[in-house]
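Let me begin by presenting the structure, written as structure tokens, before commenting on it.
Protein chains in written order, with my numbering: chain G, 1 to 252; chain W, 1 to 252.
Written as structure tokens, this is what we have:
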């Protein structure tokens, strides 16, 4: 079988609020799910503080070894919003006001007290960048090369991803299927390992849980080939049932 | 003022289930909050896939540049649990069965079908490692040098952190205080920047939100010095109120 090209992305989450434990990140799961549909795999995530050197290091390593790099956070108008300057530094370009972003902000703030100098900060982009539409609030996201700069607030990021849907080149979406069983994963470890070996091109993840005082696990089969996933799930189901166990389609 | 020693930790989250978007990570926020109380700052997080080279790279970079390194995930008994082997590889040591861990598992599984070879995999540790008690399920966590290897399931990790409480050397805990205001952060950006400058040793984070159709923001003041936090919060409150705004203690 021909080796399939795998498209990858990385995410840099920029935010002291995540590292302090104040805010529970939601953008990793949101971006991961969205990327899957685009046929792009989320390969690595880094959460870095609001410090220029930390952002520059993460951005430069990860944009070089992935097809795409996303960032979330730090694009507001306040003193702790340093993402645009840090990414410009990482790319070795200057920072400029984007005329279209200024126009967007001018319209947005026309009924909200007007576009002040502070608010115009949100139109600053690394020189040469384009915009990602923001249908939720005023300030747009930014793309430059393979770097996509997005908001920290999850529902604003959701709108930006929506605007990007279908615009990025990817491979076949990763397909996954889940089955669940009230079993200790240690009882079926060999069975899982062998099933994965028999079905080349799939990966099987085992995710144990304790619920209502009972031990169970969900088994997730992933592949870019939907037929492989279906075949492996059917095989696993048979094997688990052969041990006298009830198996739940779609997991527990 | 004497420069205070800052203690830092990093976290490597090991898990395809996080990168696929299937599972929403909860260990970052949990570890961050726990570290704050120990006087240790979470300096960086990486989420890496279940691949040895990815784990080795992250572990070796981050353990070298932080006082402590934590990992979560991948310490179960199944084929996708490769954390112990990967960390042993990173440290350049072998893997051995820890006698005390074997004893723990033997007791735990005495009434649960017995300790099988597969289950005994959970007693494997990098050579020379010690254990972190697990009060929730059977398999213990592991510590070796400045590396702490913990479970992926958040409430098991919570129990392990509980067992570690007070055992790690740290500095003064970071103190934070929050105030909230129904204001667009862009209106008060200058005020925030100047307040941060006036109070050396604090950092002010600005976290905007949109709720019930209104724009607001919470402002979080952080420092290792509780008096500085209190003084800065009082100052900020005065400044915001001087603009005719209501300020909410503890945030909105």
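Just so you know, even glycine gets a beta-carbon here, dropped at the ideal spot from N, CA and C.
Straight-line Cα distance separating residue j from residue i
i, j, result
"residue 9 of chain W", "residue 130 of chain G", "37 Å"
"residue 172 of chain G", "residue 5 of chain G", "9 Å"
"residue 164 of chain G", "residue 132 of chain G", "7 Å"
"residue 61 of chain G", "residue 44 of chain G", "11 Å"
"residue 220 of chain W", "residue 113 of chain W", "51 Å"
"residue 56 of chain W", "residue 33 of chain W", "26 Å"
"residue 243 of chain G", "residue 78 of chain W", "18 Å"
"residue 252 of chain G", "residue 177 of chain G", "12 Å"
"residue 70 of chain W", "residue 64 of chain W", "12 Å"
"residue 12 of chain G", "residue 115 of chain W", "42 Å"
"residue 264 of chain W", "residue 217 of chain G", "As shown, chain W starts at 1 and ends at 252. That puts residue 264 of chain W outside it, with no answer to give."
"residue 59 of chain W", "residue 90 of chain W", "7 Å"
"residue 25 of chain W", "residue 18 of chain W", "6 Å"
"residue 96 of chain G", "residue 47 of chain G", "26 Å"
"residue 67 of chain W", "residue 7 of chain W", "6 Å"
"residue 102 of chain W", "residue 239 of chain G", "29 Å"
"residue 175 of chain W", "residue 222 of chain W", "6 Å"
"residue 246 of chain W", "residue 107 of chain G", "28 Å"
"residue 14 of chain W", "residue 81 of chain W", "9 Å"
"residue 185 of chain W", "residue 105 of chain G", "15 Å"
"residue 142 of chain G", "residue 92 of chain W", "43 Å"
"residue 28 of chain W", "residue 197 of chain G", "33 Å"
"residue 73 of chain W", "residue 99 of chain G", "46 Å"
"residue 128 of chain W", "residue 94 of chain W", "9 Å"
"residue 31 of chain W", "residue 158 of chain W", "8 Å"
"residue 170 of chain G", "residue 224 of chain G", "12 Å"
"residue 160 of chain W", "residue 168 of chain G", "42 Å"
"residue 135 of chain G", "residue 181 of chain W", "24 Å"
"residue 195 of chain G", "residue 137 of chain W", "27 Å"
"residue 241 of chain G", "residue 227 of chain G", "21 Å"
Test: residue i CB closer than 8 Å to a CB of chain G
i, result
"residue 173 of chain W", "no"
"residue 223 of chain W", "no"
"residue 98 of chain W", "no"
"residue 237 of chain W", "no"
"residue 220 of chain W", "yes"
"residue 123 of chain W", "no"
"residue 22 of chain W", "yes"
"residue 27 of chain W", "no"
"residue 150 of chain W", "no"
"residue 116 of chain W", "yes"
"residue 226 of chain W", "no"
"residue 250 of chain W", "no"
"residue 128 of chain W", "no"
"residue 1 of chain W", "The pLDDT assigned to residue 1 of chain W is 47, lower than 50, so where the model puts this residue is not dependable, and the model offers no usable value."
"residue 32 of chain W", "yes"
Range of the contiguous alpha helix (DSSP H) that encloses residue i
i, result
"residue 154 of chain G", "154 to 164"
"residue 33 of chain W", "27 to 38"
"residue 96 of chain W", "Taken as a continuous stretch (DSSP letters only), residue 96 of chain W belongs to no alpha helix (DSSP H), being part of the beta strand (DSSP E) at 95 to 97."
"residue 237 of chain W", "226 to 242"
"residue 18 of chain W", "16 to 19"
"residue 62 of chain G", "52 to 64"
"residue 118 of chain W", "117 to 120"
C-beta neighbour in chain W for residue i, strict 8 Å
i, result
"residue 40 of chain G", "no"
"residue 193 of chain G", "yes"
"residue 18 of chain G", "yes"
"residue 78 of chain G", "yes"
"residue 245 of chain G", "no"
"residue 72 of chain G", "no"
"residue 44 of chain G", "yes"
"residue 209 of chain G", "yes"
"residue 119 of chain G", "yes"
"residue 212 of chain G", "no"
"residue 66 of chain G", "no"
"residue 36 of chain G", "yes"
"residue 189 of chain G", "yes"
"residue 48 of chain G", "yes"
"residue 86 of chain G", "no"
"residue 169 of chain G", "no"
"residue 205 of chain G", "yes"
Endpoints, the beta strand (DSSP E) within which residue i is located
i, result
"residue 222 of chain G", "214 to 223"
"residue 131 of chain W", "130 to 132"
"residue 249 of chain G", "247 to 249"
"residue 124 of chain G", "124 to 126"
Quick one: any contact between the region 177 to 196 of chain W and the region 116 to 134 of chain G, if contact means 3 or more CB pairs under 8 Å? yes
Given 8 Å as the limit, is there contact between the region 133 to 153 of chain G and the region 38 to 58 of chain W, that is, 3 or more CB pairs closer than that? no
Does the count of Cβ pairs from the region 193 to 211 of chain G and the region 149 to 163 of chain G closer than 8 Å reach three? no
Under 8 Å: do the region 198 to 205 of chain W and the region 219 to 238 of chain W share three or more Cβ pairs, one atom per stretch? yes
Where are the beta strand (DSSP E) runs, 3 residues long or more, that stay fully inside the region 69 to 93 of chain G, in chain order? none
Can you confirm whether the region 83 to 99 of chain W touches the region 48 to 62 of chain W when touching is taken to mean that 3 or more C-beta pairs between the two stretches lie within less than 8 Å? yes
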